[in-house]
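Chemist: Pasting a structure below so you can have a look.
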Amino acid sequence: MPTRREFLAGSAAMLALTQPGLALAADTTALPTLGAIGAARGLLVGCAVAARPLREDAAYRALIRQQARIVVAENAFKFGALRPSPTAYYFDDADALASFATENNMVLRGHNFVWHRQIPRWFAGYVTPANAEQVLVDHIEKVGGRYAGRIQSWDVVNEAVHPPDHLPHGLRNSPWQQVLGNDLQTGKPGAVPAYIEIAFRTARRVDPKALLTYNDYGIEGDDDAAAGKRRDVLALLRAMKERDIPLDALGVQSHVDARASFAAGPFSKGLGELIAGARKLGLKVMLTEMDVNDKHLPPPIPQRDAAVAATYATYLQTALADPAVIAVLTWGITDRYTWLNGEDSRADKLPERPLPFDASLQPKLAVPAMLAALRGAPTR
Ligand code: XIL
Numbered sequence: 010m011p012t013r014r015e016f017l018a019g020s021a022a023m024l025a026l027t028q029p030g031l032a033l034a035a036d037t038t039a040l041p042t043l044g045a046i047g048a049a050r051g052l053l054v055g056c057a058v059a060a061r062p063l064r065e066d067a068a069y070r071a072l073i074r075q076q077a078r079i080v081v082a083e084n085a086f087k088f089g090a091l092r093p094s095p096t097a098y099y100f101d102d103a104d105a106l107a108s109f110a111t112e113n114n115m116v117l118r119g120h121n122f123v124w125h126r127q128i129p130r131w132f133a134g135y136v137t138p139a140n141a142e143q144v145l146v147d148h149i150e151k152v153g154g155r156y157a158g159r160i161q162s163w164d165v166v167n168e169a170v171h172p173p174d175h176l177p178h179g180l181r182n183s184p185w186q187q188v189l190g191n192d193l194q195t196g197k198p199g200a201v202p203a204y205i206e207i208a209f210r211t212a213r214r215v216d217p218k219a220l221l222t223y224n225d226y227g228i229e230g231d232d233d234a235a236a237g238k239r240r241d242v243l244a245l246l247r248a249m250k251e252r253d254i255p256l257d258a259l260g261v262q263s264h265v266d267a268r269a270s271f272a273a274g275p276f277s278k279g280l281g282e283l284i285a286g287a288r289k290l291g292l293k294v295m296l297t298e299m300d301v302n303d304k305h306l307p308p309p310i311p312q313r314d315a316a317v318a319a320t321y322a323t324y325l326q327t328a329l330a331d332p333a334v335i336a337v338l339t340w341g342i343t344d345r346y347t348w349l350n351g352e353d354s355r356a357d358k359l360p361e362r363p364l365p366f367d368a369s370l371q372p373k374l375a376v377p378a379m380l381a382a383l384r385g386a387p388t389r
């Protein structure tokens with residue numbers, strides 16, 4: 010039972026959150042925040058942070074400080090961002106986020122060591138089957154070593170499964186797969202490509218405290234494509250476990266589509282199956298990149314915001330019911346800087362509204378929806 014004081018603070022806050030004008034008059038330090046309400050349930054709640062607004066936008070920094078207990082770099086820790094040339098490293102943006110996290114007592118995630126995108130241009134002309142292992146190990150030693158002991162979890166490998174590429178085991182035909190795709194022991198195609206095994210073993214050696222995570226998208230739905238990819242991802246994780254490759258967690262990116270029809274029920278059967286499947290392998294689960302795409306919704310903002318909020322609510326209710334889920338991060342915090350306007354924009358070119366706070370940094374309906382889902386979650 011909440012005390013009278015908590016109850017009053019809670020209802021004042023809810024009013025302030027749903028009627029932003031009132032927030033000006035309220036004592037904002039007493040408002041419940043996503044991070045604090047998550048923490049009360051033993052959940053880490055936070056967001057991805059973009060380097061440029063972190064430097065230039067004080068209101069953005071303040072909002073993240075207020076709401077987030079865990080942060081991850083939207084781009085700054087990626088291979089392409091850190092490696093201007095085979096020998097040079099650029100750490101300014103990554104260090105800035107690491108310092109921001111330390112100064113504000115936030116937990117830091119690492120994203121990512123291995124991905125098929127945002128690889129530097131020099132990669133194609135430089136990395137060969139002969140030197141690929143050295144390049145990969147050097148990168149993880151240098152980057153993982155720099156932040157070792159300060160990272161809660163590392164996305165060691167991102168998006169290695171892509172059934173449309175028609176490789177055995179649903180593996181993605183990525184640049185890393187092309188140079189280090191065979192099984193480390195047999196030298197032939199197998200369930201676990203060498204680059205994945207090497208990356209996880211090296212990451213464990215370099216930063217033994219970080220939870221080592223495999224991260225992917227499009228694995229929580231009920232359609233055939235998602236169900237097939239989910240099976241392939243769980244099979245990959247099982248094969249890794251069978252070989253004693255160090256693996257601690259599954260990252261479920263959670264880039265989802267707003268579908269108001271989910272308002273009443275569980276988000277999908279697939280999401281529950283996915284999380285249970287990971288739990289049975291002894292893994293923790295993190296929702297690592299959540300946002301709710303409104304590109305298929307009609308233009309009126311009230312309609313879009315209601316559907317986005319309902320999708321946050323049902324997705325989080327479904328996921329948080331499983332105690333294996335330990336963290337929730339949104340991919341950004343404000344619509345002002347969402348990546349979706351660049352990469353997956355609406356046909357009518359209206360700005361998308363996929364994040365909890367709008368482009369003026371005011372809370373949308375998604376905020377009370379998320380708070381309610383967090384409050385309803387069993388304590389970890
Ligand atoms: C995205 C960033 O948000 C963009 O700024 C960048 O241009 C491309 O990458 N899955 C991931 C993230 O794992 O790293 C991606 O981030 C979004 C999809």
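Straight run, no breaks: the sequence shown in our numbering ends on number 389. Cβ atoms here follow ideal geometry from the backbone N, Cα and C, with glycine treated the same way. Everything numeric in this text was worked out from a predicted model, so none of it was measured.
1) Judging by CA-CA distance, which residue of L53, L374, Y226 and M249 is the nearest neighbour of K238?
2) With a cut-off of 8 angstroms on the beta carbons, I'd call D216 and A267 a contact; round off their distance for me.
3) To test your reading of the DSSP string, which unbroken alpha helix (DSSP H) runs of 4 or more residues are found completely within the region 131-189?
4) A97 and I149 - do their beta-carbons sit closer together than 8 angstroms?
5) If we ignore side chains and look at the alpha-carbon of each, how far apart do Q186 and R389 end up?
6) For V54 versus A82, is the C-beta distance shorter than 8 angstroms?
7) Taking the straight line between their C-alpha atoms, what separation do you get for T137 and Y204?
8) Tell me the start and end of each unbroken alpha helix (DSSP H) in the region 256-335 that is at least 4 residues and wholly inside, in chain order.
9) My output table needs one value for L221: the three-state DSSP class, helix, strand or coil.
10) Taking the alpha carbon of L63 as the point to measure from, which residue in M299, S277, T323 and T343 has its own alpha carbon closest?
11) I need the straight-line Cα distance from Q371 to P198, nearest angstrom please.
12) Counting beta carbon pairs with one atom in the region 349-356 and one in the region 60-76, are three or more of them shorter than 8 angstroms?
13) Do A328 and L280 have their CB atoms nearer than 8 angstroms?
14) Looking at the unbroken beta strand (DSSP E) that takes in R118, where does it start and where does it end?
15) Select from K304, D331 and I335 the residue whose C-alpha is nearest the C-alpha of L364.
16) Do the CB positions of F88 and I128 come within less than 8 angstroms of each other?
17) Who are the Cβ neighbours of L193 in its own chain at under 6 angstroms, not counting the five residues just before and after it?
18) From I160 to W124, what does the alpha carbon distance come to, in whole angstroms?
19) Please tell me whether, using a cut-off of 7 angstroms, the distance from the CB of N350 to the nearest non-hydrogen atom of the ligand XIL is below it.
20) Could you give the distance in angstroms between the alpha-carbon of T37 and the alpha-carbon of T323?
21) Among residues of its own chain, excluding the 5 on either side of G154, which ones have a beta-carbon nearer than 8 angstroms to its beta-carbon?
22) I want to check one thing, is the minimum distance from the CB of H120 to the heavy atoms of the ligand XIL below 7 angstroms?
23) Quick one: grab the DSSP three-state call for K373.
24) Measuring from the CB of E298, is there a heavy atom of the ligand XIL at a distance below 7 angstroms?
25) How many whole angstroms separate the CB atoms of V317 and V301, which I take to be in contact at a CB cut-off of 8 angstroms?
26) May I ask which residues mark the beginning and end of the beta strand (DSSP E) holding V80?
27) Spatial neighbours of Q326 within its chain, please: C-beta separation below 6 angstroms, excluding the five flanking residues on both sides.
28) If you count every other CB in all the chains shown that lies within 10 Å of the CB of E229, and 16 or more means buried, which is it?
29) Hey, quick one: how far does the beta strand (DSSP E) through G89 stretch, first residue to last?
30) Look up V337 in the DSSP assignment and give the residues it is bridged to.
31) Quick check: is any heavy atom of the ligand XIL less than 7 angstroms from the C-beta of Y69?
32) For A35 and Q75, I'd like the C-alpha separation in whole angstroms.
Modeler: The structure says:
1) Within the sequence shown, residue 238 is the residue found at index 229, counting from 1. Ranked by Cα distance from K238, the options L53, L374, Y226 and M249 are led by Y226.
2) Translated into the one-based positions of the sequence shown, residue 216 becomes position 207. Translated into the one-based positions of the sequence shown, residue 267 becomes position 258. With a Cβ gap of about 37 angstroms, D216 and A267 do not count as contacting.
3) 131-135, 141-156 and 184-189
4) On the sequence shown, position 140 is the one that residue 149 refers to. On the sequence shown, position 88 is the one that residue 97 refers to. Contact: no.
5) Along the sequence shown, read from residue 1 onward, the residue named residue 186 stands at position 177. Along the sequence shown, read from residue 1 onward, the residue named residue 389 stands at position 380. If you take the alpha carbons of Q186 and R389, they lie about 37 angstroms apart.
6) The residue given as residue 54 occupies position 45 in the sequence shown. The residue given as residue 82 occupies position 73 in the sequence shown. Cβ atoms of V54 and A82: not closer than 8 angstroms.
7) Within the sequence shown, numbered from 1, the residue matching residue 137 stands at position 128. Within the sequence shown, numbered from 1, the residue matching residue 204 stands at position 195. One C-alpha to the other measures close to 13 angstroms.
8) 278-289 and 310-329
9) Mapped onto the sequence shown, residue 221 falls at position 212. In this structure, L221 counts as strand in the three-state DSSP scheme.
10) Taking the sequence shown and counting its residues from 1, one reaches residue 63 at position 54. Nearest option by C-alpha distance: T343.
11) Position 362 of the sequence shown, counting from 1, holds the residue named residue 371. Position 189 of the sequence shown, counting from 1, holds the residue named residue 198. Q371 and P198: Cα-Cα distance of roughly 51 angstroms.
12) By the C-beta criterion, the region 60-76 is judged not to be in contact with the region 349-356, since fewer than 3 inter-stretch pairs fall below 8 angstroms.
13) Position 319 of the sequence shown, counted from the start, is the residue given in the question as residue 328. Position 271 of the sequence shown, counted from the start, is the residue given in the question as residue 280. Yes, they are a contact pair.
14) Translated into the one-based positions of the sequence shown, residue 118 becomes position 109. V116 to V123 is the extent of the beta strand (DSSP E) around R118.
15) Position 355 of the sequence shown, counting from 1, holds the residue named residue 364. L364 has its Cα closest to that of K304, out of K304, D331 and I335.
16) On the sequence shown, residue 88 is found 79 positions in, with the first residue counted as 1. On the sequence shown, residue 128 is found 119 positions in, with the first residue counted as 1. Their beta carbons are under 8 angstroms apart, which means F88 touches I128 by this criterion.
17) Here residue 193 refers to the residue found at position 184 when the sequence shown is read from its first residue. A203 and E206, listed in sequence order.
18) Within the sequence shown, numbered from 1, the residue matching residue 160 stands at position 151. Within the sequence shown, numbered from 1, the residue matching residue 124 stands at position 115. In this structure, the CA atom of I160 is about 19 angstroms from the CA atom of W124.
19) In the sequence shown, residue 350 corresponds to position 341, counting from 1. Flag unset: Cβ of N350 not near the ligand XIL.
20) If you number the sequence shown from 1, residue 37 lands on position 28. If you number the sequence shown from 1, residue 323 lands on position 314. For T37, the predicted structure reports a pLDDT of 49, less than 50, and the residue's modelled location is therefore unreliable. A value from the coordinates is still provided. Distance between the alpha carbons of T37 and T323: 27 angstroms.
21) Here the question's residue 154 lines up with position 145 in the sequence shown. So the qualifying residues of the chain are V215 and D216.
22) On the sequence shown, position 111 is the one that residue 120 refers to. It does: the Cβ of H120 is within 7 angstroms (strictly closer) of some heavy atom of the ligand XIL.
23) To locate residue 373, count along the sequence shown from 1; it is residue 364. Coil, per DSSP.
24) Indexing the sequence shown from 1 puts residue 298 at position 289. Yes, Cβ of E298 sits closer than 7 angstroms to a heavy atom of the ligand XIL.
25) Your numbering for residue 317 matches position 308 in the sequence shown. Your numbering for residue 301 matches position 292 in the sequence shown. Between V301 and V317 the Cβ distance is about 4 angstroms, and since that is below 8 angstroms, they are a contact.
26) Here residue 80 refers to the residue found at position 71 when the sequence shown is read from its first residue. First-last of the beta strand (DSSP E) with V80: I79 to A82.
27) Start at 1 with the first residue of the sequence shown, and residue 326 comes out as number 317. Same-chain partners within the cutoff: A382.
28) Residue mapping note: residue 229 aligns to position 220 of the sequence shown, counting from 1. In this structure E229 is buried. Its beta-carbon is surrounded by 16 or more other beta-carbon atoms within 10 angstroms.
29) Here the question's residue 89 lines up with position 80 in the sequence shown. Premise fails: G89 lies in the alpha helix (DSSP H), F88 to L91, not in any beta strand (DSSP E).
30) On the sequence shown, residue 337 is found 328 positions in, with the first residue counted as 1. According to DSSP, V337 bridges with V54 and L296.
31) Your numbering for residue 69 matches position 60 in the sequence shown. It does not: the Cβ of Y69 is nowhere closer than 7 angstroms to a heavy atom of the ligand XIL.
32) Locating residue 35 in the sequence shown gives position 26, counting from the first residue. Locating residue 75 in the sequence shown gives position 66, counting from the first residue. Caution is warranted here: a pLDDT of 46 is assigned to A35, below 50, making its placement in the model unreliable, and the coordinate value is therefore given only provisionally. Taking the straight line from one Cα to the other gives about 15 angstroms.
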